[in-house]
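>
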Amino acid sequence: MEPFKPVESIVTPLDKVNVDTDQIVPKQFLKLVQKTGFGKFLFYNWRYDENENEKDDFVLNDSKFDGSQILVAGDNFGCGSSREHAVWALQDYGFAVIIAPSFADIFFSNCFKNGILPISLEQKIVEKLQLDVNSMKIDLENQNIITSSETIPFEIDPHKKRILLEGLDDIAQTLQFEKKISEFEKNSKVPSVL
Amino acid sequence: MNIVEKILARASGKSSLAPDDVVFANVDKVMVHDVSGPGVLKVFDKLKKQGISVDKLWDPTKVWVAEDHFVPSAEKMSAENIVKLSNFTKNYGIEKHFKYGMGQYGICHTLSHEEAMVMPGDVYVGGDSHTNTTGALGAFACGLGHTDIAYVLLHGKIWFKVPETDFFKLNGKLPDHVMAKDLILKIIGDIGTDGGNYRTMQFGGTGIEEMSVESRLTLCNMTTEAGAKNGIVEADQKVVDYLTSRGATNARLFKGDDDAEYANMYEYEASEMEPIVAKPFSPENVAVVREAPSVELDKSYIGSCTGAKYEDLEAAAKVLKGRQVKIRTEILPASISIYKRAMENGLLSIFLDSGVTVGPPTCGACCGAHMGVLAKDEICISTTNRNFPGRMGHVESQTYLSSPMVAAASAVTGKITDPRDL
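Protein sequences appear in the order of chains A and B.
Take the first sequence: its letter number 162 is residue 162 in my numbering, and every next letter is one higher.
Start counting at 1 in the second sequence, then tack on 1000, and there's your number in my numbering.
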């Protein structure tokens, strides 16, 4: 996994709550097993009409937001299925940071496995950020969001922060302790067969 | 400790645990299906490129594989994924692969109990969000993303933060015509689709003790829709007998301590429960069936891990017996074993006589994949678990979630109908 780099970008506001994984990447694309390219299916039903023409009223189709790496959405983002394709699609599209008042559990966890930073902030602040479409900086090292007018601190589990900053995926990270794990296993009284 | 804390303590070699503790737990069983399997292979490819060996799984005897989302293959990409899955199980020596067209197969969360794949007290993870279902057997069962499943396949362990547990107590037996699906929709309506985020939803009380194992499976299945980490019911003799009758030799009771602690207690009186639907486009958008909008339905769908267990089919048959359906109605038993029992006990005749089409086990139209998806503007009543926009087909179709009895009664009238009013 690539280490997380500081992000400076305009914000894409997605003023919707309970954005579920069926909306993030619809089921018909789950069959695809190529490594990349899920970005073009991101929010497919919101982005395209039946003839695959872009819908003018959807935020991703507004050229003003081209190149944005920060998505700001409503409560309970990523609810629904466990499909990791949802994170792959957001990442492939170009998003590196997702800000919302809360996230669904499996989605939240999948973000860290793929180098995306999910930030949960109070509702009030999220609403404010959705209106402030100017460029802002995300400083993960110091846990700050720096907008043109203020600096907003955010919380992150120190362990998860390290994963992102060092670009360690869970497997690589656990393997750093392989020796200790083997030792533990040797001495463990937990039955390995149930 | 409550049952979840006890299971995770056992699996991580700790003597005691409390919510928010982080543990590295041994996994007892892991499942992948025809969507998560190919997804995991993708993660394996990435690991291989990083020089990490993926030649061997930690223990192929603890891994099992289902073909459910895209079978029978409607087009070549789905067919190719099934070939990939077969190569995967062959290459890694996984024997428990339930294949379409070769005897017992079906929806993964149904096979987990029908085939007694998971025992009380187990830590069971699957590459699907409704893995929560199997918590009804008294196991810690939860869904994981592809990367996490890949890790478990290689190492047999995974990190967990011990969740806080909310206890949902049901007093008394549910009335006739009110099913577990009605209760869980009521609960989701009360706490919302994020009401259980990273929490355990545990069910107990006299109403749950009275309940069949299959009804408990329905409750735990839908905890996913409340955002819960997992759902669980302590295993009692009913669970042990259920698993033993399906060939298990090591099913045993596993309970929490008497002084177990819970973060929140919710209480429900069974006698006050009524048939309920969740209106489009969220499982929390609930209404009592008798107060539901009077819409003209196009279709009734009785299928999926939520609503096509044997008991669900039996309930639908009770309503459909001697009646005719007025709208397109499909019933897809969730596994071949259920299909066979339905045939032996005359349920299939009741369905076919009433005009229903009976299909093969598949996730099919529940996830809008194939086999009966909805057209634009069509309205469906369904025993499934999600009704997000486009979930069952066209993005401008609508789905009402209900119990099998309500779906069957509505099939007869063409409108959302309380089975007590037929």
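Beta carbons are placed, not taken as given, at the ideal position from N, Cα and C, and that holds for glycine.
How far does the beta strand (DSSP E) with Gly1153(B) in it extend, from its first residue to its last?
By 1-based counting over the second sequence, the position of residue 1153(B) is 153. Position check: residue 1153(B) holds Leu in this sequence, whereas Gly was assumed. Looking at the DSSP string, Leu1153(B) is not in any beta strand (DSSP E); the run it does join, the alpha helix (DSSP H), is His1146 to His1155.
> May I have the straight-line CA-CA distance separating Ser135(A) from Gln69(A), to the nearest angstrom?
Position 135 of the first sequence, counted from the first residue, corresponds to residue 135(A). Position 69 of the first sequence, counted from the first residue, corresponds to residue 69(A). The straight-line gap from Cα to Cα measures roughly 10 Å.
> In chain order, what residues of the same chain lie with their CB nearer than 6 Å to the CB of Ala1079(B), ignoring the 5 residues before and after it?
Translated into the one-based positions of the second sequence, residue 1079(B) becomes position 79. Once the five neighbours on either side are set aside, the close Cβ partners of Ala1079(B) are Ser1073.
> Hey, is Tyr1100(B)'s beta-carbon within less than 8 Å of any beta-carbon in chain A?
As a first step, residue 1100(B) must be located in the second sequence, where it is residue number 100. Taking Cβ atoms only, chain A never reaches closer than 8 Å to Tyr1100(B), which makes this a no.
> Tell me which same chain residues have a C-beta within less than 7 Å of the C-beta of Glu1267(B), skipping the five on either side of it?
In the second sequence, the residue the question calls residue 1267(B) occupies position 267. For Glu1267(B), where only same-chain residues beyond five positions count, the Cβ hits under 7 Å are Lys1169 and Asn1171.
> Give me the DSSP bridge partner(s) of Glu8(A).
Taking the first residue of the first sequence as position 1, residue 8(A) is located at position 8. Partner(s): Lys137(A).
> Does DSSP put Gln1237(B) in a helix, a strand or coil?
To locate residue 1237(B), count along the second sequence from 1; it is residue 237. Gln1237(B): helix per DSSP, three-state reduction.
> Please name the residue or residues paired with Cys1142(B) in a DSSP beta bridge.
In the second sequence, counting from the first residue as 1, residue 1142(B) sits at position 142. Looking at the DSSP assignment, Cys1142(B) forms a beta bridge with Val1125(B).
> Output the distance between the C-alpha atoms of Met1392(B) and Val1277(B), rounded to the nearest integer angstrom.
As a first step, residue 1392(B) must be located in the second sequence, where it is residue number 392. As a first step, residue 1277(B) must be located in the second sequence, where it is residue number 277. One C-alpha to the other measures close to 16 Å.
> List in chain order: all unbroken alpha helix (DSSP H) runs of 4+ residues lying wholly within the region 1195-1254 of chain B.
Runs found: 1206-1210, 1213-1221 and 1237-1244.
> How about Met1077(B): is its C-beta nearer than 8 Å to some C-beta of chain A?
As a first step, residue 1077(B) is located in the second sequence; it is residue number 77 there, counting from the start. At least one chain A Cβ lies under 8 Å of Met1077(B).
> Using DSSP with H/G/I as helix, E/B as strand and the rest coil, what is Gly1135(B)?
The residue given as residue 1135(B) occupies position 135 in the second sequence. Looking at Gly1135(B) - three-state DSSP - the assignment turns out to be helix.
> Where does Ala1025(B) fall in DSSP's three states?
If you number the second sequence from 1, residue 1025(B) lands on position 25. Here Ala1025(B) sits in strand by DSSP.
> Going by DSSP, name the residue or residues bridged to Lys1299(B).
Translated into the one-based positions of the second sequence, residue 1299(B) becomes position 299. According to DSSP, which records beta bridges pairwise, Lys1299(B) is partnered with Arg1328(B) and Cys1380(B).
> Check whether the region 113-122 of chain A and the region 41-49 of chain A are in contact - that is, three or more C-beta pairs closer than 8 Å.
Not touching, per the Cβ criterion.
> Of all Cβ atoms in chain B, is any one closer than 8 Å to the Cβ of Ser82(A)?
By one-based count along the first sequence, residue 82(A) stands at place 82. Answer yes: the Cβ-Cβ gap between Ser82(A) and chain B drops below 8 Å somewhere.
> Where Asp1258(B) and Arg1252(B) are concerned, what is the direct C-alpha to C-alpha distance, given to the nearest angstrom?
Here residue 1258(B) corresponds to residue number 258 of the second sequence, with the count starting at 1. Here residue 1252(B) corresponds to residue number 252 of the second sequence, with the count starting at 1. When rounded, the distance between both Cα atoms is 18 Å.
> Which residues in chain B sit within 7 Å of Asn18(A), going by Cβ to Cβ distance?
Here residue 18(A) refers to the residue found at position 18 of the first sequence. Within 7 Å Cβ-Cβ: Thr1193 and Ser1282.
> Find the nearest neighbour of Arg1216(B) within the set Thr1399(B), Leu1041(B), Lys1238(B) and Arg1010(B), judged by alpha-carbon distance.
As a first step, residue 1216(B) is located in the second sequence; it is residue number 216 there, counting from the start. Among Thr1399(B), Leu1041(B), Lys1238(B) and Arg1010(B), the Cα nearest to that of Arg1216(B) is on Lys1238(B).
> Might you give, ordered along the chain, the residues of its own chain that have their beta carbon closer than 6 Å to the beta carbon of Ala1375(B), omitting 5 neighbours on each side?
For the purposes of this step, residue 1375(B) is taken as the residue at position 375 of the second sequence. Excluding sequence neighbours, Ala1375(B) sits near His1394.
> On the criterion of 16 or more Cβ atoms from any shown chain inside 10 Å, does Met1102(B) qualify as buried, or is it exposed?
Working through the second sequence from its first residue, we reach residue 1102(B) at position 102. Its Cβ having fewer than 16 others within 10 Å, Met1102(B) is exposed.
> If you count every other CB in all the chains shown that lies within 10 Å of the CB of Met1265(B), and 16 or more means buried, which is it?
By 1-based counting over the second sequence, the position of residue 1265(B) is 265. So Met1265(B) ends up on the exposed side.
> Between which two residues does the alpha helix (DSSP H) holding Asp1287(B) run?
As a first step, residue 1287(B) is located in the second sequence; it is residue number 287 there, counting from the start. First, the residue type needs correcting, since residue 1287(B) is Ala and not Asp in the sequence shown. Careful: Ala1287(B) lies outside any alpha helix (DSSP H), inside the beta strand (DSSP E) at Val1286 to Val1288.
> Would you report the Cα separation of Ser1354(B) and Ser1012(B), rounded to the nearest angstrom?
Residue numbering aside, residue 1354(B) sits at position 354 when the second sequence is read from its first letter. Residue numbering aside, residue 1012(B) sits at position 12 when the second sequence is read from its first letter. Their backbone Cα atoms lie some 53 Å apart in a straight line.
> Indicate whether Glu1225(B) and Thr1193(B) have their beta-carbon atoms separated by less than 8 Å.
As a first step, residue 1225(B) must be located in the second sequence, where it is residue number 225. As a first step, residue 1193(B) must be located in the second sequence, where it is residue number 193. Closer than 8 Å, so yes.
> So if I threshold CB-CB distances at 8 Å, which residues from the region 1381-1412 of chain B count as touching chain A?
Correct list: Arg1386, Phe1388, Pro1389, Gly1390, Arg1391 and Val1395.
> The alpha helix (DSSP H) that contains Val163(A), what's its start and end?
Numbered from 1 along the first sequence, position 163 holds the residue referred to as residue 163(A). Per the sequence shown, residue 163(A) should be read as Ile rather than Val. Note, Ile163(A): alpha helix (DSSP H), Pro158 to Glu166.
> Can you tell me which of the three DSSP states Pro191(A) falls into?
Here residue 191(A) refers to the residue found at position 191 of the first sequence. Below a pLDDT of 50, predicted positions are generally treated as unreliable, and Pro191(A), at 42, falls in that range; the measurement from the model is reported next regardless. Pro191(A) falls in the coil class under three-state DSSP.
> What is the rounded straight-line gap between the Cα of Val1123(B) and the Cα of Val1356(B)?
On the second sequence, residue 1123(B) is found 123 positions in, with the first residue counted as 1. On the second sequence, residue 1356(B) is found 356 positions in, with the first residue counted as 1. Cα to Cα, Val1123(B) sits roughly 39 Å from Val1356(B).
> Just curious, the beta strand (DSSP E) that Val1424(B) is in, first and last residue?
Look at the range of chain B in this structure, 1001 to 1422, and you will see that residue 1424(B) is not part of it.
> On the CB-based measure, 16 or more other CB atoms within 10 Å of its CB, does Gly37(A) come out buried or exposed?
In the first sequence, counting from the first residue as 1, residue 37(A) sits at position 37. The residue in question, Gly37(A), is exposed, as its Cβ has fewer than 16 Cβ neighbours within 10 Å.
> When the Cα of Lys1062(B) is compared with those of Lys1096(B), Cys1220(B) and Tyr1310(B), which residue comes out closest?
Residue mapping note: residue 1062(B) aligns to position 62 of the second sequence, counting from 1. The residue with the shortest Cα to Cα distance from Lys1062(B) is Lys1096(B).
> Pick out the complete alpha helix (DSSP H) segments inside the region 20-78 of chain A, 4 residues or longer, and give them in chain order.
You should have 21-24 and 44-47.
> Name the residue from Asp56(A), Met1(A) and Pro153(A) whose alpha carbon lies nearest to the alpha carbon of Gln1050(B).
Taking the second sequence and counting its residues from 1, the one referred to as residue 1050(B) is at position 50. When only C-alpha atoms are compared, the closest one is Met1(A).
> For the alpha helix (DSSP H) that contains Met1077(B), what are its first and last residues?
Translated into the one-based positions of the second sequence, residue 1077(B) becomes position 77. Element bounds for Met1077(B): Lys1076 to Tyr1092.
> Quick check on Gln123(A): buried or exposed, where buried means 16 or more other Cβ atoms within 10 Å of its Cβ?
As a working note, residue 123(A) is residue 123 in the first sequence. Burial call: exposed.
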